[in-house]
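Taking it in order: structure first as structure tokens, then the write-up.
Numbering (mature numbering (1 follows the signal peptide of the UniProt record, and there is no 0)), first residue to last: -22 to -1, 1 to 369.
This is the structure we're talking about:
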């Protein structure tokens, strides 16, 4: 080969190597940029301390009101608990740009009562009537058979810290009444309550099978508020790790923007939390946020095939061949995914696939610039986007 040709080939090879190196460097920088932006977003999704404090004060006010009127209501209140996303520390707060409003987490408050069994029809009616008389409480409704919804308007000298706080008040049976809590032998109240509730559900299942009836999912659901303490303790233990909490927040932000077309999914927020935690735990060797968020999206893309037991419980034979399967961490006899419509599952899977396609396109093309629009497109659909995520 002629020397000039050799030089020419060397230049071409050098250019190719340099091009590949530049491309790899660009992709590496891009990945670091996406990671940083997702980190920042997850951090910013944390509800403000002022809001949480205002909500806790409002909850105490409601609990005090109920305690003071317990005799009139014919109530024996054992204890109270702030549950839900606030209790688990998984709540998110952000501005919904389409609705032009600030979104804050609900306060789910559980009222453990003695000598009452679900459903609490008359109890809920009487509590609702009492709440309506409180000057700070408005819009009292009972949209479901299991809870009372209302808004508590907190007052502050600084209008910036005055809030309309959404509440869900859930009555629950106290199954540890009369027990010496000192002799729990290392168990929490929630763990003991869970054992008692699971025993009751097992007995119901045996009776249903003996009578050749299907296990009543509605009755299973009635016990969910009784297991609030166990649920809160379980999820809080997982999200104590900052990185896990960030994955959960991003997953819930993604979930918020799904267009479910009016389709209701029971325990949807809890399901998303469990899938996000499970996805992150699978990435033990790669603790970066992008990889964990990818894992979550891949799980949502294959929602119909999911089989998740967060606490590594052995799967109860009652769930043989049942998919999707997402075991309630507080109740091994409850499949949270049971009853989710095919239409809702299709939304989960389709939207997750679209989001993954968009992220993959960013990785391939290296067009991610780290601007606000790039971050938002991961979660939102804007008219005219090349890679639409939501319809």
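Glycine included, every Cβ here is placed at the ideal spot set by N, Cα and C.
Treat the numbers as computed from the prediction; the structure is a model and nothing was measured.
* Rounded separation between residue 242 and residue 230 - CA only -> 16 Å
* To do: Return helix, strand or coil for residue 355, following the three-state DSSP convention.
  => helix
* Using the Cα positions of residue 162 and residue 324, report the straight-line distance between them to the nearest angstrom. => The pLDDT assigned to residue 162 is 48, lower than 50, so where the model puts this residue is not dependable; a value taken from the coordinates is nonetheless given after this. About 45 Å.
* Asked: Sorted by chain position, which residues of the same chain lie with C-beta nearer than 7 Å to residue 245's C-beta, five sequence neighbours on each side aside?
  -> 314
* Asked: In whole angstroms, what is the alpha-carbon distance linking residue 4 and residue 222?
  -> Any answer about residue 4 is weak, because its pLDDT of 48 lies below 50 and its placement is not dependable; what the coordinates show is given next. Rounded to whole angstroms, residue 4 to residue 222 spans 28 Å at the Cα level.
* DSSP bridge partner residues for residue 86 (one or two, in chain order) -> 61 and 146
* To do: Specify, as a first and last residue, the run of the beta strand (DSSP E) that residue 310 falls within.
  => 309 to 313
* Asked: Roughly how many angstroms lie between the CA atoms of residue 59 and residue 89, to the nearest whole one?
  -> 7 Å
* Opening and closing residue of the alpha helix (DSSP H) in which residue 210 lies -> 206 to 217
* Asked: Can you find at least 3 beta carbon pairs, one from the segment 248 to 268 and one from the segment 42 to 53, that sit closer than 8 Å?
  -> no
* Asked: Taking the DSSP output, what are the residues bridged to residue 129?
  -> 116 and 144
* Do residue 283 and residue 20 have their CB atoms nearer than 8 Å? -> no
* To the nearest angstrom, how far is it from the Cα of residue 64 to the Cα of residue 141? -> 16 Å
* **Contact check, residue 391 vs residue 278, beta carbons under 8 Å** => With the chain covering -22 to 369 only, the question about residue 391 has no answer from this structure.
* Asked: Once you ignore the five residues that flank residue 112 on each side, which residues in its own chain have a CB closer than 7 Å to its CB?
  -> 43
* residue 45: first and last residue of the uninterrupted alpha helix (DSSP H) it sits in -> 27 to 46
* Asked: Buried or exposed: residue 29, going by 16 or more other Cβ atoms within 10 Å of its Cβ?
  -> buried
* C-alpha gap between residue 276 and residue 305, whole angstroms -> 19 Å
* Which listed residue (328, 356, 321 and 327) has its alpha carbon closest to that of residue 339 -> 356
* What residue range is occupied by the uninterrupted alpha helix (DSSP H) comprising residue 220? -> 220 to 234
* **Where residue 56 falls: helix, strand or coil (DSSP)** => strand
* Look at the alpha carbon of residue 41 and the alpha carbon of residue 98, and state the distance between them as a whole number of angstroms. => 18 Å
* Three-state secondary structure (DSSP) of residue 79 -> strand
* Bounding residues of the beta strand (DSSP E) (the contiguous stretch that carries residue 303) -> 303 to 306
* Local Cβ density within 10 Å of residue 119, reported as buried at 16 or more and exposed below that -> exposed
* How would you call residue 80, buried or exposed, if buried means at least 16 neighbouring beta carbons within 10 angstroms? -> exposed
* Anticipated Cβ contact below 8 Å, residue 208 with residue 56, distance rounded -> Actually they are not in contact, since the Cβ atoms of residue 208 and residue 56 sit about 16 Å apart, beyond 8 Å.
* Coarse secondary structure for residue 74, derived from DSSP in three states -> strand
* Asked: My guess is that residue 227 and residue 70 are in contact by the Cβ rule of under 8 Å, so how many angstroms apart are they, rounded?
  -> 5 Å
* To do: Determine the burial state of residue 73: buried for a count of at least 16 other Cβ atoms within 10 Å of its Cβ, exposed for fewer.
  => exposed
* Does the distance from the C-beta atom of residue 33 to that of residue 143 stay below 8 Å? -> yes
* Could you name the residues of the same chain whose beta carbon sits closer than 6 Å to that of residue 66, not counting the 5 residues immediately before and after it, in chain order? => 210, 213 and 214
* Alpha-carbon spacing of residue -7 relative to residue 337, whole angstroms -> For residue -7, the pLDDT reaches just 38, beneath the cut-off of 50, and the residue's location in the model is therefore unreliable, leaving the point undetermined.
* **DSSP three-state assignment for residue 325, whether helix, strand or coil** => helix
* Closer than 7 Å by C-beta to residue 274: which residues in its own chain qualify, once you throw out the five before and the five after it? Chain order, please. => 225, 229, 253, 254 and 257
* To do: Determine the DSSP secondary structure at residue 151, reduced to helix, strand or coil.
  => strand
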